[in-house]
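Heads up: the structure comes next, in structure tokens.
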Amino acid sequence: MNVKAHWDKIYREKLPDAVSWYCPHLERSVALIEKAAPARDSSIIDVGGGESTLVDDLIAKGYRNLTVLDVSQAAVDVTKSRLGPTANRVH
């Protein structure tokens, strides 16, 4: 199985909180981002973002130039669905 197929399978078959790396909010990451990039128009990319809620928290903090990158389209689709209309503000 290739890497993309592996991660697509995980994100299709498991709920977000059923994986060992799940964290409802990434407070430490958000705090570090706010310190490193205080301007709300800073370009921020979440590489390997999966179904992470980091993008949700950054949107809530007013960040506007956000990108989520993941090898799994299934994960990206879950994130888009969770974000609803806000998803069109994320690359």
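Per my numbering, numbering of the sequence shown is gapless, rising by one per residue and ending at 101. Idealized CB from N, CA, C, for every residue including glycine.
Query - The beta strand (DSSP E) enclosing valine 78, as first and last residue numbers - result: Here residue 78 is taken as the residue at index 68 of the sequence shown, counted from 1. Note, valine 78: beta strand (DSSP E), 75-79.
**Report entry** Closest by C-alpha distance to lysine 24, when choosing among Ala84, Ala46, Lys14
**Finding:** Counting from one through the sequence shown, the residue named residue 24 turns up at place 14. The shortest Cα separation from lysine 24 among Ala84, Ala46, Lys14 belongs to Ala84.
**Report entry** beta strand (DSSP E) runs wholly inside the segment 34-83, at least 3 long, in chain order
**Finding:** 53-57, 75-79
Query - Residues of its chain near valine 40, where Cβ-Cβ distance is below 8 Å and the 5 sequence neighbours each way are ignored - result: Working through the sequence shown from its first residue, we reach residue 40 at position 30. Result list for valine 40: Leu64, Asp67, Leu68, Lys71, in chain order.
Requested in this report: Write down the C-beta distance between arginine 74 and arginine 99 rounded to the nearest angstrom, noting that I regard them as a contact closer than 8 Å.
Outcome: Here residue 74 corresponds to residue number 64 of the sequence shown, with the count starting at 1. Here residue 99 corresponds to residue number 89 of the sequence shown, with the count starting at 1. Correct: roughly 7 Å between the Cβ atoms.
Query raised in the report: So, does the CB of glutamate 44 fall closer than 8 Å to a CB anywhere in chain B?
Result: Going by chain labels, chain B is absent from the structure shown, which holds only one protein chain.
**Report entry** Beta-bridge partners of valine 88, as assigned by DSSP
**Finding:** Residue 88 sits at position 78 when you count from the first residue of the sequence shown. Paired residue(s): none; valine 88 is not in a bridge.
Query - Residue span of the alpha helix (DSSP H) that contains valine 13, given as start and end - result: Here residue 13 refers to the residue found at position 3 of the sequence shown. Taken as a continuous stretch (DSSP letters only), the alpha helix (DSSP H) holding valine 13 covers 13-23.
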